[in-house]
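Undergrad:
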Amino acid sequence: METTIGQLLQDKAEEHPDKEAIIFEDERITYEELNERAERLASFLMKRGIGRDDKVAIWLPNLPEWIIAWFAIPKIGAVVVPTDPWYKGGEIEYMFNDSDTKAVITTEEYGKYDFLDILEDKKEDLDKVDTLIMKEGKSEKFDSFTFEEAYEEGKNWKEDQDYLERKKGTDLDDVTFILYTSGTTGKPKGVMLSHYQIVKNAHDQGEILQTSEDDKLVIPVPFSHCFGNVMSITLMVSFGGTMIPLVEFEPHNALELVEKEEATMIHGVPTMFIRELEALKEEDYDTSSLRTGIMAGSSCPVKTMKSVINDLGCNVSITYGLTEASPGVTMTRFDDSVEDRVETVGRVMPDQEIKTVDDQGNEVEPGETGELLVKGYNVMKGYYNKPEATEETIEDGWLHSGDLAEMDERGYVKIVGRKKDMVIVGGLNVYPREIEEYLIEHNEIQEVAVVGVPDEQLGEVIAAAVVPTEVADITPQDVVDFVYGEIASAKVPRYVTITDSLPVSGRGKVQKFKLRDRLEEKVEEGELEKIIPTEVKK
């Protein structure tokens, strides 16, 4: 699909102007209305000095204004900088300065987020930010305008020849957004993607999901992440479907919207689906309208996937990807066997290549573990202002994912874990994902994460953090005994902690570096003791 992001919306508005594009609380916005607001905002930004390639951050929760800005900014060749709504002052300072952001689309406050206070506190530390466009409120420290003022000033866009000429000058290969990686392994880096990469990737995913204008998608994932802006917003607009965003994920709210609006699709990370399945046990929601959706963002436990298909009645596709790959790389298909749909992340998407390699860059045999590499139209343009990091990540056109995977002779992929997460126990390579898959089968375990902690004898040993189900009475000994005899001794957890929650990033990914630090500290302070399997004690 060869079109720019701004043109994509305009085309859909012309095709079916009266079709509902967004359902948000009591507001219903048609495609014609959505495009008109985007055109007006784009015209306003241009009048306010936003030039081609200038950076404009969107710092809002999942509101309609986010979607409007997503299409407005690219219309004038400017670059979107999606910003997580939960970010604090230090993160904002780093990201806006690193990206050379000039303007921010935001609001005074929303729920638990105090956007304006943070911005004004950081005013002197922000190198280039001088303009705010706000859903609500005004700033005394920045040039600030409300959306209503922007719409009014940009209302004559159809007669503005300078604006129309600017729109025509936008190229498919122009960088249209810089999205910062979630920082689960250190300082975030700004990933540069083009119009073509985003639109094609979203469209290809939609084709695999057999999306049409009749589909309605409940979106609980943040718009500031590729899952939200590419795989949800851009995907649905590509097919003229309807978007139903949630400001904050709450499982009952998500299922209520499915029932009320007869939604046909729902996206989410595994933890969201787990909580929705729990909510479904508490209240009998009608989810019969659900057809499909995407589960992505972190490892998808087999047990969870089976429950989504059987209990939620939703033929969800597991999708593997990363921001640097626009983001989708592999997907399961509807005609895949149940086994392949729940135990793999599917096959490679169109017009991409993948391979698995060892540490020397040699391809490994089918079924063997290696790092997954990606090649194709979707490989990022690079990290913004970080040429050395870009060179380390892309080699001869191949993107190093940092993920360890197994690919069978049919091309189906299993993600084993992060390369950096691999644990070496007495010289044996141990992959946490495999252990997590075994543990999650326990009916009293809701979530689990496995890491390595230092050990004097073996170098490292396995430690597990377990979140039990609400009615569970599981003990660390139970956890160890459950897998002992089922997996190699080196893979059996030596330490187990029962916890209420796992440390996750705002995007729902388990932050294993934080978990590792936490468990190492507990071991050092004697709060965790090694657990010997009951069978060994006998």
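Under this note's numbering, the first residue of the sequence shown is numbered 32, with each subsequent residue one higher. Quick reminder that beta carbons are idealized off the backbone N, C-alpha and C, glycines included.
#1: Could you say if the segment 411 to 425 and the segment 383 to 390 meet the contact criterion of at least three C-beta pairs nearer than 8 Å?
#2: From the DSSP output, which residues share a beta bridge with THR162?
#3: Under the rule that 16 or more other beta-carbon atoms within 10 Å means buried, what is PRO397, buried or exposed?
#4: Buried or exposed: which applies to LEU353, given that a residue is buried once 16 or more other Cβ atoms fall within 10 Å of its Cβ?
#5: Have a look at the DSSP bridge pairing and note the partners of MET326.
#6: In chain order, what residues of the same chain lie with their CB nearer than 8 Å to the CB of ASP504, ignoring the 5 residues before and after it?
#7: By the three-class DSSP mapping on this structure, what secondary structure does TRP587 have?
#8: Answer with buried or exposed for ASN187, where buried requires no fewer than 16 other C-beta atoms within 10 angstroms of its C-beta.
#9: How is ILE340 classed by DSSP in three states: helix, strand or coil?
#10: Beta-carbon separation of ILE89 and ILE136 under 8 Å?
#11: Put ASN187 into one of helix, strand or coil per three-state DSSP.
#12: Quick check: PRO358 and VAL261, are their CB atoms within less than 8 Å of each other?
#13: Taking C-alpha atoms, which residue in MET32, LYS154, MET362 lies nearest to HIS226?
#14: Determine the extent of the alpha helix (DSSP H) in which HIS47 is found, giving its start and end residues.
#15: Rounded to whole angstroms, what's the CA-CA distance from THR506 to TYR462? Just pull it up for me.
#16: In or out: HIS297 buried (at least 16 other Cβ within 10 Å) or exposed?
#17: Can you pull the DSSP bridge partners for GLU570?
#18: For THR565, does the count of other Cβ atoms within 10 angstroms reach 16, so buried, or fall short, so exposed?
#19: Should the segment 172 to 191 be regarded as contacting the segment 71 to 91, the criterion being three or more beta carbon pairs within less than 8 Å?
#20: Here's the rule I'm using: 16 or more other beta-carbon atoms within 10 Å means buried, otherwise exposed. How should LYS543 be labelled?
#21: Tell me where the alpha helix (DSSP H) around ILE98 begins and ends.
#22: My understanding is that VAL112 touches LYS412, with C-beta atoms under 8 Å, so please give their C-beta distance in whole angstroms.
#23: The beta strand (DSSP E) that contains TYR141, what's its start and end?
#24: Check whether the segment 516 to 535 touches the segment 481 to 497, taking contact to mean three or more Cβ pairs, one atom from each stretch, closer than 8 Å.
#25: My guess is that PHE173 and ASP161 are in contact by the Cβ rule of under 8 Å, so how many angstroms apart are they, rounded?
#26: In the DSSP assignment, the beta strand (DSSP E) including MET223 goes from what residue to what residue?
#27: If the criterion is Cβ atoms closer than 8 Å, does the pair GLY120 and ILE149 meet it?
#28: Name the one or two DSSP bridge partners that TRP117 has.
#29: If you reduce the DSSP assignment to three classes, tell me which class ILE81 lands in.
#30: Is DSSP giving ALA285 helix, strand or coil here?
#31: If we count the other Cβ atoms within 10 Å of its Cβ and call it buried at 16 or more, is LEU39 buried or exposed?
#32: Closest to LEU321 by C-alpha separation, out of LEU248, TRP429, GLY80, GLU487, would be which residue?
#33: Under the three-state reduction of DSSP, which class applies to GLY37: helix, strand or coil?
#34: Can you tell me whether GLY571 is buried or exposed, with buried defined as 16 or more other CB within 10 angstroms of its CB?
#35: List the residues that DSSP assigns as beta-bridge partners of LYS247.
#36: Would ARG197 and GLY108 be called neighbours here (beta carbons separated by less than 8 Å)?
TA: Let me lay it out:
#1: No, the segment 411 to 425 is not in contact with the segment 383 to 390.
#2: For this step, residue 162 is matched to residue 131 along the sequence shown. For THR162, which the question treats as bridged, DSSP gives the partners ALA134, ASP174.
#3: Translated into positions along the sequence shown, residue 397 becomes position 366. By the neighbour-count rule (16 or more Cβ atoms within 10 Å), PRO397 is not buried but exposed.
#4: Numbered from 1 along the sequence shown, position 322 holds the residue referred to as residue 353. When all chains shown are included, LEU353 counts as buried.
#5: Along the sequence shown, one-based indexing puts residue 326 at 295. Looking at the DSSP assignment, MET326 forms a beta bridge with GLY299, ILE349.
#6: Residue numbering aside, residue 504 sits at position 473 when the sequence shown is read from its first letter. Once the five neighbours on either side are set aside, the close Cβ partners of ASP504 are GLU475.
#7: No answer is possible for residue 587: the residues shown for the chain start at 32 and end at 569.
#8: The residue given as residue 187 occupies position 156 in the sequence shown. That one is exposed.
#9: For the purposes of this step, residue 340 is taken as the residue at position 309 of the sequence shown. Three-state result, ILE340: helix.
#10: Taking the sequence shown and counting its residues from 1, one reaches residue 89 at position 58. Taking the sequence shown and counting its residues from 1, one reaches residue 136 at position 105. Yes. Within cutoff.
#11: Taking the first residue of the sequence shown as 1, we reach residue 187 at position 156. If DSSP states are grouped into helix, strand and coil, ASN187 belongs with coil.
#12: Counted from its first residue, the sequence shown places residue 358 at position 327. Counted from its first residue, the sequence shown places residue 261 at position 230. Yes, they are a contact pair.
#13: Here residue 226 refers to the residue found at position 195 when the sequence shown is read from its first residue. Ranking MET32, LYS154, MET362 by Cα distance to HIS226 puts MET32 first.
#14: What you label residue 47 is simply residue 16 of the sequence shown in a count that begins at 1. Per DSSP, HIS47 belongs to no alpha helix (DSSP H) and is neither H nor E.
#15: As a working note, residue 506 is residue 475 in the sequence shown. As a working note, residue 462 is residue 431 in the sequence shown. Distance between the alpha carbons of THR506 and TYR462: 23 Å.
#16: Sequence index remark: in the sequence shown, residue 297 carries index 266 (1-based). Strictly speaking, residue 297 in this sequence is Ile, with His absent from that position. ILE297 counts as buried, since no fewer than 16 other beta carbons sit within 10 angstroms of its beta carbon.
#17: Since the displayed the chain opens at 32 and closes at 569, residue 570 lies outside it and no answer follows.
#18: Reading the sequence shown from its first residue, position 534 is the one you call residue 565. Exposed, by the Cβ-count rule.
#19: Touching, per the Cβ criterion.
#20: Start at 1 with the first residue of the sequence shown, and residue 543 comes out as number 512. Looking at its Cβ environment, which holds 16 or more other Cβ atoms inside 10 Å, LYS543 is buried.
#21: By 1-based counting over the sequence shown, the position of residue 98 is 67. For ILE98, the enclosing alpha helix (DSSP H) stretches over residues 95 to 106.
#22: Looking up residue 112 in the sequence shown gives position 81. Looking up residue 412 in the sequence shown gives position 381. The beta-carbon distance between VAL112 and LYS412, rounded to whole angstroms, is 15 Å. This is too long to meet the 8 Å contact definition.
#23: Numbered from its first residue, the sequence shown carries residue 141 at position 110. Note, TYR141: premise wrong, no beta strand (DSSP E); not H, not E.
#24: Taking a cut-off of 8 Å for Cβ pairs, the segment 516 to 535 and the segment 481 to 497 touch, as three or more such pairs fall below it.
#25: Against the sequence shown, residue 173 aligns to sequence position 142. Against the sequence shown, residue 161 aligns to sequence position 130. Taking the Cβ atoms as the reference, PHE173 lies roughly 6 Å from ASP161, within the contact range of under 8 Å.
#26: If you number the sequence shown from 1, residue 223 lands on position 192. First-last of the beta strand (DSSP E) with MET223: 221 to 225.
#27: To locate residue 120, count along the sequence shown from 1; it is residue 89. To locate residue 149, count along the sequence shown from 1; it is residue 118. GLY120 places its beta carbon less than 8 Å from that of ILE149.
#28: Looking up residue 117 in the sequence shown gives position 86. Beta bridge pairing from DSSP links TRP117 with no other residue.
#29: In the sequence shown, counting from the first residue as 1, residue 81 sits at position 50. Residue state, collapsed to three classes: coil.
#30: As a first step, residue 285 must be located in the sequence shown, where it is residue number 254. Looking at ALA285 - three-state DSSP - the assignment turns out to be helix.
#31: As a position in the sequence shown, residue 39 is number 8, starting the count at 1. Under this definition LEU39 is a buried residue.
#32: For the purposes of this step, residue 321 is taken as the residue at position 290 of the sequence shown. It is LEU248.
#33: Along the sequence shown, read from residue 1 onward, the residue named residue 37 stands at position 6. It is helical.
#34: The requested residue 571 is not part of the displayed model; the chain covers only 32 to 569.
#35: Mapped onto the sequence shown, residue 247 falls at position 216. Answer by DSSP bridge pairing, in chain order: THR273.
#36: As a first step, residue 197 must be located in the sequence shown, where it is residue number 166. As a first step, residue 108 must be located in the sequence shown, where it is residue number 77. Taking 8 Å as the cut-off, the beta carbon of ARG197 is found closer than this to the beta carbon of GLY108.
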